[in-house]
Amino acid sequence: MSQKRLPLYAERALGELQATRAMAATDFERRFRQEAAVSCKAGCDHCCHYPLLVTVAEGILLYRHLGQKGRLTAALKKRIAEHADLTAFIDPAVWMRSRIPCPLLDEKSCCAGYEGRPLACRMTFSAGNPADCDGQAFNPEAMSNRAILRVVGVFEEKLLRKHGVSSYRMPLSRALLLAERIISQEVPLDEVERVLYREYLAT
Amino acid sequence: MICGICNRGWDDVRCHVIELTEAERAVVLKTTGAKVEKYIYCGPCWKLLSNRQQGAQFIAGSMRAAMRATGNPRADKVAARTLDFLLSKTSKPVS
C-alpha cells in the first residue's frame, strides 16, 4: 500500500494531532486507573456500537494505519461504505439504541484498527459491570470521559484550524471514505469542506 | 415535518409518510388511546428502519431502554424476545 504524502501543512497538523492524541489518551488512562478498576475485557464490544464522530484528520491517521497493517480488505471497505450510508445524518440517540457496529469491528469482536483507533475509543473504559455499557441500557451523559473529550476536541479544532485543515466532525466511516480520496489525491485537503457540503450535507 | 423517531424538523421531500388504513387507525386507537392518521419518518430514520438488523435492534432497544427507565426487571428478556420476533418476521437479504 503506497502512502502518499500530503502537503507539508497537513502533515504538520497530522503529526501534532497524533502526538496530542497519544499524550491525552495516556494521561487520561493513567488518571482513570488511579481512581477505578478498569473492567474492560477482550471480546466485549458494547462501546464499539456507540455513535462516533471524528475529524477528517483522524480519518486520515486511521486510514493510513489500516493501510500500513494491510487491513484495508475489500470486506472492510464494504462494511465502511455500508456504515457510512446507514449513519449519514442519523440522530446520536437513535444510533445508540440501534447497536450499529463500528465498521472496524470483525466477527470475533476485535478492532481492525485497534492500535490506531480514534481518541474517543482510547478514552472509553468501563469501571463497573461491562454489561451496563450496552448502549440500549446506558446513559451516555454518565460517561466519565465526556468533559476531557470536549476539552481535547476544542484543542484539536484549534490545532487543525491553525494549519488550515477542516475540523468538521462526521461518522468514522464517512471520514475514512473521505480520507481514502484525500490520500489518493482525488480530493485536495483544502477542498474538504466544499466536497462535504456538496456530496454529504446538501444531499 | 417532524420525524416521529428523532423529533428533528426536515424538509417534506426528505420525509416518508405512512398513512394508516381505517383498520390500522382503529388498532392504534385501541392500544394507545391516540388518534393517529399517519406516521412521519425522516430519511435517515427511515433508512435505519428499513435495515433488517438495525431497524429491529432500534425498536427492541428503544423498548428495552423505556422499560429499564421504569424499573421493569423483565426489560432485557422482553426486548430480546421482541428482537427475535422482529427478525423472524422480516425477510433476510438476498445476498
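If you're matching them up, the sequences are chains P and U in order.
Here the first sequence is numbered in the working numbering, starting from -12 and rising by one per residue.
Here the second sequence is numbered in the working numbering, starting from 14 and rising by one per residue.
For every residue, glycine included, the Cβ atom is placed at its ideal position computed from N, Cα and C.
Only a predicted model underlies this, so the values are computations on that prediction, with no experimental measurement involved.
Cα-Cα separation between residue i and residue j, rounded to whole angstroms
i: alanine 47(U); j: glutamate 35(U); result: 14 Å
i: alanine 93(U); j: threonine 44(U); result: 22 Å
i: glycine 103(P); j: tyrosine 184(P); result: 27 Å
i: glutamate 180(P); j: tyrosine 155(P); result: 8 Å
i: lysine 149(P); j: threonine 42(P); result: 14 Å
i: valine 91(U); j: leucine 92(P); result: 27 Å
i: leucine 13(P); j: glycine 46(P); result: The question names leucine, yet the displayed sequence has threonine at residue 13(P). The alpha-carbon atoms of threonine 13(P) and glycine 46(P) are separated by roughly 20 Å.
i: lysine 102(U); j: glutamate 186(P); result: 35 Å
i: alanine 69(U); j: leucine 96(U); result: 6 Å
i: proline 158(P); j: alanine 75(P); result: 7 Å
i: serine 104(U); j: serine 63(U); result: 11 Å
i: alanine 23(P); j: alanine 68(P); result: 37 Å
i: isoleucine 169(P); j: threonine 60(P); result: 19 Å
i: glycine 20(P); j: arginine 77(U); result: As written in the sequence, residue 20(P) is arginine, which differs from the glycine given in the question. Each residue's alpha carbon lies about 31 Å from the other.
i: glutamate 178(P); j: lysine 145(P); result: 19 Å
i: leucine 48(P); j: glycine 84(U); result: 43 Å
i: lysine 56(P); j: arginine -1(P); result: 22 Å
i: lysine 65(P); j: tyrosine 50(P); result: 14 Å
i: alanine 9(P); j: cysteine 98(P); result: 18 Å
Neighbour-count burial assignment, residue i, 16 or more Cβ in a 10 Å radius
i: isoleucine 31(U); result: exposed
i: aspartate 78(P); result: buried
i: glutamate 167(P); result: buried
i: alanine -3(P); result: buried
i: arginine 18(P); result: exposed
i: glycine 74(U); result: buried
i: alanine 6(P); result: exposed
i: alanine 62(P); result: exposed
i: alanine 107(P); result: buried
Beta-carbon spacing of residue i, residue j below 8 Å
i: arginine 38(U); j: valine 49(U); result: yes
i: leucine 39(P); j: proline 105(P); result: yes
i: histidine 33(P); j: glycine 115(P); result: no
i: leucine 4(P); j: glutamate 143(P); result: yes
i: valine 81(P); j: cysteine 58(U); result: yes
i: serine 85(P); j: phenylalanine 98(U); result: no
i: lysine 60(U); j: leucine 33(U); result: no
i: leucine 165(P); j: valine 174(P); result: yes
i: serine 153(P); j: serine 26(P); result: no
i: alanine 44(P); j: leucine 136(P); result: no
Proximity test, Cβ basis, 8 Å: residue i and chain C
i: alanine 62(P); result: Absence of chain C from the displayed structure is noted, the protein chains being P and U.
Cutoff 6 Å; reference residue i; Cβ partners in own chain excluding five residues on either side
i: cysteine 89(P); result: Cys35
i: arginine 161(P); result: Ala71
i: cysteine 28(U); result: Met14, Ile53, Cys55
i: glycine 22(U); result: Ile15
i: cysteine 31(P); result: Pro117
i: serine 96(P); result: Gly30, Asp32
i: methionine -12(P); result: Confidence at methionine -12(P) is low in this model, with a pLDDT of 49, below 50, so the placement of that residue should be treated as unreliable; the coordinate-derived value is given next. Contacts found: Gly54.
i: alanine 79(U); result: none
i: histidine 52(P); result: Gly100, Gly103
i: alanine 11(P); result: Val139
i: cysteine 19(U); result: Cys58
Beta-carbon contacts of residue i that lie in its chain and below 7 Å, excluding the five residues immediately before and after
i: glycine 42(U); result: The sequence shown places leucine at residue 42(U), not glycine. Taken in chain order, the residues that qualify are Lys48.
i: leucine 73(P); result: Ile87
i: asparagine 132(P); result: Phe15, Met110, Thr111
i: arginine 81(U); result: Ala88
i: tyrosine 37(P); result: Met83, Gly122
Contacting residues, own chain, Cβ-Cβ under 8 Å from residue i (five flanking each side not counted)
i: glutamine 172(P); result: Lys(-9)
i: proline -6(P); result: Leu176
i: lysine 28(P); result: Pro117
#### Entry: chain P contacts from the segment 59 to 82 of chain U (Cβ-Cβ distance under 7 Å)
So the close ones are Lys60, Leu61, Asn64, Gln67, Gln70, Phe71, Gly74, Ser75, Arg77, Ala78, Arg81.
Check your understanding: What residues in the segment 63 to 76 of chain P bring their beta carbon closer than 7 Å to a beta carbon of chain U?
Key -> Leu73, Ala75, Phe76
So if I threshold CB-CB distances at 7 Å, which residues from the segment 17 to 38 of chain U count as touching chain P? Ile18, Cys19, Arg21
Practice problem: Give the residues from the segment 45 to 57 of chain U that approach chain P closer than 9 Å (Cβ to any Cβ), ordered along the chain. | Solution: Cys55, Gly56, Pro57
Residues within the segment 107 to 128 of chain P neighbouring chain U, beta-carbon criterion of under 7 Å:
Residues Gln123, Ala124.
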